[in-house]
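Visitor: Handing you a structure now.
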Amino acid sequence: MYTIASLHEMRRRLALAADDSSADADLLRSLQEASHTIESTTQRRYCPRLATLRVDFDPAERGEVVLPDDLLELQAIRDQSGEIDTQRIRRLPQDADLPASILQIQGGFTGALSIRGIWGWHDRWTTAWRDSHDSLSSAIDADAKTLGLADAAGIDATGASPRFKVGQLLRIADEYLRVIDIDSAGSQLTVLRGVNGSTASAHASGLGIDSYAPPPAIVDLCLRYAELLMRPGGFVDDEAPELLMRLRRVRL
75 MYTIASLHEM RRRLALAADD SSADADLLRS LQEASHTIES TTQRRYCPRL
125 ATLRVDFDPA ERGEVVLPDD LLELQAIRDQ SGEIDTQRIR RLPQDADLPA
175 SILQIQGGFT GALSIRGIWG WHDRWTTAWR DSHDSLSSAI DADAKTLGLA
225 DAAGIDATGA SPRFKVGQLL RIADEYLRVI DIDSAGSQLT VLRGVNGSTA
275 SAHASGLGID SYAPPPAIVD LCLRYAELLM RPGGFVDDEA PELLMRLRRV
325 RL
């Protein structure tokens with residue numbers, strides 16, 4: 075189900091009529107293959123996930139931790155003595171829009187580390203989540219698969235329309251959700267709950283919904299690859315190697 079670019083964006087790129095869904099299955103397969111190619115080649119994930127990762131103790135790197143993945147937000151960090159005050163931690167690079175690859179811990183640490191955070195790659199993380207300009211029209215429990223909204227077909231805070239798309243990642247409070255179907259007439263979304271390492275939970279009526287916007291350059295690349303794959307004999311290996319290799323994560 076996960077794709078970097080959405081089926082809606084692919085249909086728009088190909089200038090397909092709104093009522094022409096005959097190629098949707100093929101388009102989705104191409105988007106999934108393109109997404110896999112990009113992420114496997116660059117060794118990065120372009121969709122945020124919540125996770126706790128372990129970093130083994132290296133006495134040669136006292137006080138400095140090379141992270142096993144791209145860290146967008148640090149939530150908590152523990153060593154064998156307990157939780158470490160985040161005020162003691164400096165992330166590198168220090169740019170809040172970019173993921174950290176190294177953590178420097180003032181005073182050092184003891185033993186292996188357990189790092190809880192939001193992991194993934196984005197070059198504009200502080201604006202990656204957008205206000206959908208919609209909210210829950212009724213309360214939901216942790217098991218609900220359908221969300222009632224005010225207007226599922228409206229525009230979001232950036233003027234993008236429709237505000238919701240199949241495959242899109244949403245955020246309500248601390249929970250991530252994935253859109254799998256949209257009922258515009260009934261203003262409802264069918265979703266997967268508690269995705270990307272988050273936990274499904276109850277939410278009150280009126281709670282706002284944010285939507286995730288992947289890095290624009292990566293979305294464009296995904297669409298380009300997917301379009302090439304739709305062509306007879308489509309082959310993408312030589313199309314953008316320079317960009318992909320620049321983005322490739324170096325694992326130290």
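In terms of my numbering, the sequence shown is residues 75 to 326. Glycine included, each C-beta is placed from N, C-alpha and C at the ideal position.
1) From R152 to L187, what distance separates their C-alpha atoms?
2) Tell me the residue span of the alpha helix (DSSP H) that contains R86.
3) For I283, which of G260, L251, D255 and D257 has the nearest alpha-carbon?
4) Exposed or buried, L295, counting other C-beta atoms within 10 Å across all chains shown (16 or more means buried)?
5) Roughly how many angstroms lie between the CA atoms of Y286 and S272, to the nearest whole one?
6) Using the beta-carbon count (16 or more within 10 Å), is L105 buried or exposed?
7) Within 10 angstroms of the Cβ of R320, are there 16 or more other Cβ atoms? Answer buried if so, exposed if not.
8) Taking C-beta to C-beta, are S279 and A213 nearer than 7 Å?
9) Determine the burial state of M84: buried for a count of at least 16 other Cβ atoms within 10 Å of its Cβ, exposed for fewer.
10) Below 7 Å between beta carbons: does that hold for S209 and R237?
11) Are there 16 or more other CB atoms within 10 angstroms of the CB of A202, so buried, or fewer, so exposed?
12) What three-state label does DSSP hand W195 in the structure shown?
13) For E107 versus L303, is the C-beta spacing smaller than 7 Å?
14) Measuring straight from C-alpha to C-alpha, what distance separates I192 and A150?
15) On the CB-based measure, 16 or more other CB atoms within 10 Å of its CB, does A174 come out buried or exposed?
16) How big is the Cα-Cα spacing for P167 and I176?
17) On the CB-based measure, 16 or more other CB atoms within 10 Å of its CB, does E249 come out buried or exposed?
18) Across which residues does DSSP place I163 in a beta bridge pair?
19) Can you list the beta strand (DSSP E) stretches of 3 or more residues lying completely in the region 221 to 247, in chain order?
20) Identify, in the order they occur along the chain, each residue of the same chain with its Cβ nearer than 8 Å to the Cβ of D255, setting aside the five sequence neighbours on each side.
21) Tell me the DSSP secondary structure of I158 in three-state form.
Guide: According to the structure shown:
1) Distance between the alpha carbons of R152 and L187: 6 Å.
2) Run containing R86: L81 to R87, per the alpha helix (DSSP H) assignment.
3) Minimum Cα-Cα distance from I283 among the listed residues G260, L251, D255 and D257 corresponds to L251.
4) Buried, by the Cβ-count rule.
5) One C-alpha to the other measures close to 15 Å.
6) Buried, because 16 or more other Cβ atoms sit within 10 Å of the Cβ of L105.
7) Looking at its Cβ environment, which holds fewer than 16 other Cβ atoms inside 10 Å, R320 is exposed.
8) The beta carbons of S279 and A213 sit closer together than 7 Å.
9) M84 should be labelled buried.
10) No, the Cβ-Cβ distance between S209 and R237 is not below 7 Å.
11) Buried: at least 16 other Cβ atoms inside 10 Å.
12) Residue state, collapsed to three classes: coil.
13) Going by C-beta atoms, E107 is nearer than 7 Å to L303.
14) Their backbone Cα atoms lie some 10 Å apart in a straight line.
15) Its Cβ being crowded by 16 or more others within 10 Å, A174 is buried.
16) Within the model, the alpha-carbon separation for P167 versus I176 is close to 7 Å.
17) By the neighbour-count criterion, in which 16 or more other beta carbons inside 10 Å mark a residue as buried, E249 falls on the buried side.
18) BP columns for I163 point to I179.
19) Look at the region 221 to 247 and you find these whole runs of beta strand (DSSP E), each 3 residues long or longer: 243 to 246.
20) Only V240, L263 and T264 meet the Cβ criterion.
21) Assignment of I158 by DSSP, reduced to helix, strand and coil, places it in the coil class.
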